[in-house]
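Going letter by letter, the sequence shown gives residues -24 to -1, 1 to 333 in mature numbering (1 follows the signal peptide of the UniProt record, and there is no 0). Below is one structure, written out as structure tokens; comments come after it.
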Amino acid sequence: MKVSNKISSFFIVSFIILSLTACSCNEETLEEVNNLPHYSQITALESNKENSDVYKIENKGLYKIGTIENLLDLSYNNKNAVYVYLQNISKGKNFNNNKIVVIKDKRKKELKDFYAALDFKLNPSGDKLAFRSFKEDSRESAEGMRIYDIKKNKYIRLKSNVLVSGNLYGWINDNKIIYYGSIEGKKNSDKIYSYDFNTNKEEVYLGDINGYCTYFVPIGNNILFLAKEGDSQSLYYFDAEKSTVKSITNNIYGVSKSVASYKNGEIFFIGSEDEKQLALYKFSSQSFELERITYDFPKELDEMSGIAIDDQGNVYFGGTDVPEQDEKVDVYMYDNKERSINLISTHEGKYSVYNSE
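Quick look at the structure:
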């Protein structure tokens, strides 16, 4: 099982209200989908103005399989045939007006009871979707984290007063999500909370953050998180079973994208040391070692391309050996067994990479 997490590396975060009520959302049941997408375990999208070329990634190569119009983001679960798209409607000043398209059981539905949706994350089985939304084209119109039940085709009402910090949320299993935030008007309430959809209850998951949490990624029930206190930032590992927090390093300045391999007990992330260039890092939850993977090849990594991982633990990301060239990058693969970095795209482009949840 893989969890892909798209997370801000900045300390300045705005707290936004967790959605408390189920809304009468504008859900439209569209036509039956006869031809389901056939994505590989790893997929690359190349943005070309209004269209995106879709590539399957296999055997260290990219192979074009189709085109999608107005695509902003993608998440999918091949095993359960769930596909979620964020599609552009029109361009705005702060955000693009968009809609979420969900394909499940050969039926396509649209969610568009918002101006803009961001940072959607499928749970492991693909039957629930977490995302945050904005009511208008302004950052002040934040509506908070929302949960949509794909199986039941409705929003889930959360009994919570937590103000979630930006996109700091992620699934630890099918029925439990964790998020960092605080309760308005309550002192010392900046914590990581969990919400169990089986019991419909919220609990404190990690209370002692050692500052402000600016990033986290779950791996099983455990968490690798970055916390800022004063002018320093430190990377920590939380073992949920033992209820212990271990300091890993204070050399990581920020983290932008990450992915976890539960089978191998590893987390890969794109981050930087002391505001220096971005690099690919590997963290082992068994040895607690943090290893820098990339140095001079490629010369620069592209955080906007994302990061993906396959069943063998190979990692895919975007980068370039020709910095500042029209924002175009290549797709690279880190071979976890051979410990080598391979260029696998045949031409530069505006790529983003994804893996099946």
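Just so it is clear, CB atoms sit at the ideal spot from N, CA and C, and this is done for glycine as well.
Rank the options by C-alpha distance to the C-alpha of residue i and give the top, closest one.
i    : options                : result
S237 : D207, S248, L200, G206 : L200
D49  : I41, Y59, K55          : Y59
F90  : F96, N73, T225         : N73
N227 : N290, L254, V140       : L254
K104 : A92, E249, V78         : V78
A93  : G102, S114, R83        : S114
S332 : S28, N56, N46          : N56
E276 : P299, G142, K135       : P299
G146 : K127, N198, N129, S136 : N198
Y330 : S51, L47, L87, N11     : S51
D278 : R268, Y292, E267, E265 : Y292
With a 10 Å radius around its C-beta and 16 neighbouring C-beta atoms as the bar for buried, classify residue i as buried or exposed.
i    : result
K313 : exposed
Y31  : buried
T175 : exposed
R122 : buried
M280 : exposed
K177 : exposed
Q288 : exposed
F273 : exposed
G325 : buried
F214 : buried
E242 : buried
N186 : exposed
E4   : A caution first: E4 carries a pLDDT of 49, below 50, which makes its placement in the model unreliable, though a value can still be read off. By the 10 Å Cβ count, E4 comes out exposed.
Would you mind stating whether residue i and residue j have Cβ atoms separated by less than 7 angstroms?
i    : j    : result
E26  : Y327 : no
G183 : K167 : yes
D150 : P100 : yes
K204 : Y188 : yes
Y124 : I153 : no
A20  : I41  : no
S28  : L12  : no
Taking the DSSP output, what are the residues bridged to residue i?
i    : result
E205 : S208
F244 : V235, K258
L50  : Y61
A284 : Y292
G37  : E34
D81  : Answer by DSSP bridge pairing: none, since D81 is not bridged.
R268 : Y257
For the region 100 to 114 and the region 156 to 166, state whether three or more C-beta atom pairs, one from each stretch, are separated by less than 8 angstroms.
no
Taking 8 angstroms as the threshold, find out whether the region 62 to 69 comes into contact with the region 117 to 126 through three or more Cβ pairs.
no
With three or more C-beta pairs closer than 8 angstroms as the rule, is the region 278 to 295 touching the region 218 to 236?
yes
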